[in-house]
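Engineer: Got a structure for you, written out below as structure tokens; questions coming shortly.
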Amino acid sequence: MQMHVAKRVEIIIEAPLERRLLDTISEAGVTGFTVLPVLGGSGRSGRWSREGQVSAAGGMVAVVCIVRPERVDKLLEAAFEVVERHIGVVSVTDCQVLRAERF
Amino acid sequence: MEAIPSIMAQNLLSPIVLSFALGLFASLARSNLSVPEAAAKALSLYLLFAIGFKGGASVAAHGLDGSLAASLVAGVALSFVIPFVAFGLLRAMTRLSAVDAAAVAGHYGSISIVTFVSATAILASRAIDYEGYMVAVAAAMEAPAIIAALWLATRAGTGARMDRELWREVLLNGSIVLLIGAFMIGAITGERGLKEIESFIVSPFKGVLCLFLLDMGLVAGRGLRQARSVLSPGAFAFAVLMPLVGAALAMPVAAALGLSAGGTALLMVLSASASYIAVPAAMRVALPEANPSIYLTLSLGVTFPFNLALGIPIYIALAEIIGGV
Chain W
121 MQMHVAKRVE IIIEAPLERR LLDTISEAGV TGFTVLPVLG GSGRSGRWSR
171 EGQVSAAGGM VAVVCIVRPE RVDKLLEAAF EVVERHIGVV SVTDCQVLRA
221 ERF
Chain U
795 MEAIPSIMAQ NLLSPIVLSF ALGLFASLAR SNLSVPEAAA KALSLYLLFA
845 IGFKGGASVA AHGLDGSLAA SLVAGVALSF VIPFVAFGLL RAMTRLSAVD
895 AAAVAGHYGS ISIVTFVSAT AILASRAIDY EGYMVAVAAA MEAPAIIAAL
945 WLATRAGTGA RMDRELWREV LLNGSIVLLI GAFMIGAITG ERGLKEIESF
995 IVSPFKGVLC LFLLDMGLVA GRGLRQARSV LSPGAFAFAV LMPLVGAALA
1045 MPVAAALGLS AGGTALLMVL SASASYIAVP AAMRVALPEA NPSIYLTLSL
1095 GVTFPFNLAL GIPIYIALAE IIGGV
């Protein structure tokens, strides 16, 4: 089966910033993304968990975008505008997709 | 009027305080007891709807006068002023940076709706009436403290910013919309509406509150366990002293407004409590430099349990003196 090279960008960010991030990357032309709930974790700001949270303030979400390699810089620039001052992780990995016209 | 120790003893042995204690114990003992996020959310939706509706129905039954507007203005003013007092105390009592102190101060100017709900349950169990519109005062006191905190942070040289989107999120956050919406429904439908859904929002109320407080205990215990490093003696002392200072500031205001003993107690509770819903979310967006584990631990891990176990009985006893009950 024919496979096509793509980039998978994963942004783990504080839940209160989810909408801002999605608006910003949409404005940058990235309209395909998936938002995933994250159960918990640990990082420079300590451990956290989404269980029984009385407030979304302490929670995190993961936003996953798969884009063509030539579009990744634009996406990262847009994402950086939002995540620069905040807790979170941005990672880029190589991946392959089946239907290139969709990305 | 009953003595403060007697009210405290009754309160400490009430199901709601013991449920919180159970959650706190389970969390500190590292039990795997947990309340799923969706269940906690459903419980909080129920509590907000019930307290809003009952407040609105009470206003419909007793009628409205100028005291609602005056109480709203007073609530907004208290919420705006308290962060400045808190900021001064934090700078004197702790080694927190100006940014962290501003963020913490904002939490103490705003309110904890669960503390408010618990106080109404304790007032109800003691058959003390309160003004139904105090629910609207609670909603009005959520946001002004955020402005005060961001002003304090800006003065400290940070790039704190409050854009339009954040305004919208703060003023239209789900809790406020549900609380005010249910209040309006209660005010419109009155006693008739309350009767129709009484079996849902009155009788199970305390039981649901107990479950919710169990979750609050778990969250508070988890926060305390993970953030011991931020709990310096000074910060701990602040988190216990500040609610008393906030309540003391509210006392003369309530007297000037002519609130009943129950209304006075609730205004004191609102001024004494610290936010852990609206303000943390706003701070994460507008003031990300502030350490969230400091303000969440102080607000949820120290001040909330203090108010629930000891603060509320003190405020009720003092309000009874002022209210002349």
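Protein chains in written order, with this note's numbering: chain W, 121 to 223; chain U, 795 to 1119.
Using N, Cα and C, we set each Cβ at its ideal position, and we do this for glycine too.
(1) With DSSP collapsed to three states, give me the class of Ala922/U.
(2) Listed in chain order, which residues of the stretch 1074 to 1105 of chain U have Cβ atoms closer than 9 Å to some Cβ of chain W?
(3) When you compare each of Asn1101/U, Tyr840/U, Ala1084/U to Ile991/U by their alpha carbons, which one comes out closest?
(4) Note down, in chain order, each residue of its chain lying with its Cβ closer than 8 Å to the Cβ of Ala915/U, except the 5 sequence neighbours on either side.
(5) By DSSP's criteria, Leu156/W is part of a beta bridge. Which residues make up the other side?
(6) Short of 7 Å Cβ to Cβ, which residues in the stretch 902 to 930 of chain U face chain W?
(7) So for Arg128/W, helix, strand or coil by DSSP?
(8) Using a Cβ cut-off of 8 Å (strictly closer), state whether Glu1120/U contacts chain W.
(9) Among residues of its own chain, excluding the 5 on either side of Asp923/U, which ones have a beta-carbon nearer than 7 Å to its beta-carbon?
(10) Output, in chain order, the set of chain U residues within a Cβ distance shorter than 8 Å of Arg82/W.
(11) Indicate whether at least one CB of chain U lies closer than 8 Å to the CB of Glu134/W.
(12) Do three or more CB pairs link the stretch 1067 to 1074 of chain U to the stretch 929 to 941 of chain U at distances below 8 Å?
(13) Cα separation between Ile905/U and Cys185/W?
(14) Just curious, the beta strand (DSSP E) that Asp193/W is in, first and last residue?
(15) Just the chain U side, please: which residues come within less than 8 Å of His206/W by C-beta, in chain order?
(16) Please return the same chain residues whose Cβ sits closer than 6 Å to the Cβ of Leu1018/U, not counting the five positions on each side in sequence.
(17) Just curious, the alpha helix (DSSP H) that Asp894/U is in, first and last residue?
(18) Determine the DSSP secondary structure at Ser1023/U, reduced to helix, strand or coil.
(19) Could you tell me the distance, in whole angstroms, from the CA atom of Ala851/U to the CA atom of Gly817/U?
(20) Can you find at least 3 beta carbon pairs, one from the stretch 856 to 871 of chain U and one from the stretch 955 to 968 of chain U, that sit closer than 8 Å?
Structural biologist: This is what the structure gives:
(1) For clarity, residue 922/U is Ile in the given sequence; the question names Ala instead. Residue state, collapsed to three classes: coil.
(2) Within the stretch 1074 to 1105 of chain U, contact with chain W at the beta-carbon level (separation under 9 Å) is assigned to Pro1074, Ala1075, Ala1076, Met1077, Arg1078, Val1079, Pro1082, Glu1083, Asn1085, Pro1086, Ser1087, Leu1090, Leu1094.
(3) Nearest C-alpha to Ile991/U among Asn1101/U, Tyr840/U, Ala1084/U: Tyr840/U.
(4) Taken in chain order, the residues that qualify are Ile810, Phe999, Lys1000, Leu1003.
(5) DSSP lists Ala182/W as partners of Leu156/W.
(6) For the stretch 902 to 930 of chain U, no residue has a beta-carbon sitting nearer than 7 Å to a beta-carbon of chain W.
(7) In the displayed model, Arg128/W falls within a strand according to three-state DSSP.
(8) The structure shown does not extend to residue 1120/U, since chain U spans only 795 to 1119, so no value can be given for it.
(9) The answer, listed in chain order, is Ser1054, Gly1056.
(10) No statement about residue 82/W is possible, as the shown extent of chain W runs from 121 to 223 and does not include it.
(11) At least one beta carbon of chain U lies nearer than 8 Å to the beta carbon of Glu134/W.
(12) When Cβ pairs closer than 8 Å are counted between the two stretches, the stretch 1067 to 1074 of chain U is seen to touch the stretch 929 to 941 of chain U, the count reaching three or more.
(13) Between Ile905/U and Cys185/W, the C-alpha separation is close to 38 Å.
(14) Secondary structure note for Asp193/W: it is in no beta strand (DSSP E), and the uninterrupted alpha helix (DSSP H) holding it is 192 to 203.
(15) Result: Arg1078, Pro1082.
(16) Once the five neighbours on either side are set aside, the close Cβ partners of Leu1018/U are Gly1095.
(17) First-last of the alpha helix (DSSP H) with Asp894/U: 892 to 903.
(18) In the structure shown, Ser1023/U adopts helical secondary structure according to DSSP, grouped into three states.
(19) Taking the straight line joining both Cα atoms gives about 33 Å.
(20) With the cut-off at 8 Å, the stretch 856 to 871 of chain U and the stretch 955 to 968 of chain U do not touch.
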